[in-house]
Amino acid sequence: LNGELHIVGGWNHCKHLTWNDAQRCFVEHPMEEGPQNQSIQYHGLVALQTTHQLLLFGGNEGSQWNAEINSMWICNRNRQAVEGDADDSPVPVQYCWKRLLCDMIRPMFGFGFILTDDEQYLLTFGGRTQQGLTNDIFVLNLSSWQWRYLGKTPKKAMFHAVLNRKTQYVHLFEMNSVLHWKLSLHSLLTSKHRNYASSSSSSSDSAIATPVAAAVAQTNTTSGGNGSSSLVRDNWMACATTPSTPYFAMAQLALNHKHQQEHHQHHHRKKNNDEDDRKQFMLQQQDMIRTLQSELQLTKRQLLQIQSEHIQVLEENVTLKSENESLRNNIQRALEKVMIRTPTATKLIRRLQKSETFMLLSDEDFITDQETNDDEEDDNITETETEHYDHSQHTRTP
306 LNGELHIVGG
316 WNHCKHLTWN
326 DAQRCFVEHP
336 MEEGPQNQSI
346 QYHGLVALQT
356 THQLLLFGGN
366 EGSQWNAEIN
376 SMWICNRNRQ
386 AVEGDADDSP
396 VPVQYCWKRL
406 LCDMIRPMFG
416 FGFILTDDEQ
426 YLLTFGGRTQ
436 QGLTNDIFVL
446 NLSSWQWRYL
456 GKTPKKAMFH
466 AVLNRKTQYV
476 HLFEMNSVLH
486 WKLSLHSLLT
496 SKHRNYASSS
506 SSSSDSAIAT
516 PVAAAVAQTN
526 TTSGGNGSSS
536 LVRDNWMACA
546 TTPSTPYFAM
556 AQLALNHKHQ
566 QEHHQHHHRK
576 KNNDEDDRKQ
586 FMLQQQDMIR
596 TLQSELQLTK
606 RQLLQIQSEH
616 IQVLEENVTL
626 KSENESLRNN
636 IQRALEKVMI
646 RTPTATKLIR
656 RLQKSETFML
666 LSDEDFITDQ
676 ETNDDEEDDN
686 ITETETEHYD
696 HSQHTRTP
């Protein structure tokens with residue numbers, strides 16, 4: 306606009322930037338009444354040279370794919386800010402944005418658009434709406450701010466549109482494709498279709514943006530049928546996209562670059578997925594190893610406990626064995642002390658000799674058989690004496 310480069314919006318912002326050739330950098334301008342979105346993209350922006358204005362329309366809001374916009378904004382250039390004051394003091398605001406009461410036919414983005422040389426008509430081609438891709442062509446009269454339906458594009462798609470000012474042909478290039486069509490601007494403007502008067506348009510819009518008088522006469526606005534729509538669509542001429550044409554070379558280069566990017570992204574996603582799977586497998590293996598280690602430690606503790614219990618049992622067996630040996634020794638010594646020739650001791654020794662507990666004692670440790678017979682006779686005498694003692698009423702006969 307007037308020799309200045311303007312950039313409005315983009316993928317990740319909604320700013321108004323102008324190029325400062327002296328400082329070799331972009332300068333940001335405030336947009337108090339402009340789009341208040343976090344970002345605006347796939348929108349339309351034209352420069353109205355005769356009125357020193359910028360016209361912004363449509364687009365997509367933010368990073369969401371289904372966030373179409375149908376609003377329109379106008380930017381007036383502050384002439385005093387450009388020329389400066391008498392003392393050359395800088396003015397902070399150079400451009401003033403304001404929203405128009407006129408809106409687009411429908412919310413959409415990714416449409417092709419051109420501005421006629423006389424800045425009287427603004428044409429839009431195709432694009433994406435809330436219902437999907439469209440192939441409708443509309444024209445906006447910048448004097449009356451009324452929309453008019455013109456016809457159809459060759460297919461439903463998102464386009465880039467270019468007006469060849471020498472031949473007055475409109476060239477349509479489908480986004481992300483090598484397809485290319487062209488049609489005379491006169492054929493478009495002379496198609497007979499009905500007007501679309503914007504419900505929100507008013508005379509204030511004309512006061513905000515008043516273009517110069519149109520050099521091209523306004524076409525007939527009577528209603529038309531579907532036959533004219535088909536005629537406009539069929540009149541589009543497909544341009545040959547041979548390797549010798551620069552359009553094909555540029556489009557093919559862009560398409561190859563896109564395919565390379567998609568292949569690289571697919572390979573990168575596959576690599577990331579493989580890396581994630583490998584990491585997940587390693588984590589599972591590590592968890593399994595930790596589980597096995599914990600079970601092994603538990604088994605070791607149980608084995609140590611069993612081993613300690615076994616040692617304790619062995620120690621108890623040794624203790625019992627020593628106590629048993631000591632008990633046998635004590636009994637042996639006690640028997641040796643009581644081995645006297647008395648009937649009572651003889652019976653006790655004979656009884657102990659037959660016991661299993663003292664089977665280890667040899668016969669030599671006891672009295673002989675002759676002595677046992679003598680002891681039995683003594684026992685008989687003792688029993689006789691005892692009976693005699695009982696019958697004599699506690700008087701014993703010598």
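First residue of the sequence shown? That's 306 in the numbering used here, and the numbers climb one at a time after it.
Don't be surprised by glycine CBs; every beta carbon is placed ideally from N, CA and C.
Taking a 10 Å sphere around the C-beta of Thr596, we find fewer than 16 other C-beta atoms and assign the residue as exposed.
For Leu438, the enclosing beta strand (DSSP E) covers residues 437–446. Counting of Cβ neighbours within 10 angstroms places Ala462 among the buried residues, the total reaching 16 or more. In the structure shown, the three-state DSSP call for Ala559 is helix. Only residues of its own chain outside the window of five on either side were considered, and among them Asp422 have a CB closer than 8 Å to the CB of Arg470, listed in chain order.
For Val623, the three-state secondary structure derived from DSSP is helix.
Shown here for Trp378: same chain residues with a beta carbon closer than 6 Å to its own, the five before and five after excluded, namely Gly339, Leu361, Trp402, Arg404 in chain order. In terms of Cβ geometry, Leu359 and His311 form a close pair [threshold 8 Å]. Burial state of Lys457 is buried, judged by a 10 Å Cβ sphere holding 16 or more other Cβ atoms. Closest in alpha carbon position to Gly349, among Ile419, Ala559, Leu468, is Ile419.
One alpha carbon belongs to His357, the other to Gly363, and they sit about 21 Å apart. When secondary structure is reduced to three states using DSSP, Val483 falls in the coil class, being assigned neither helix nor strand. Partner residues in the beta bridge of Gly432, as assigned by DSSP, are Thr439. With at least 16 other beta carbons inside 10 angstroms of its own, Leu490 counts as buried.
Per DSSP, His491 is one residue of the alpha helix (DSSP H) stretching across 490–494. Counting only runs of 3+ residues, the beta strand (DSSP E) found wholly inside the region 330–364 occupies 330–334, 349–353, 358–362, in chain order.
DSSP lists Phe362 as the bridge partner or partners of Met377.
Judged by DSSP in its simplified three-state form, Asn469 adopts strand.
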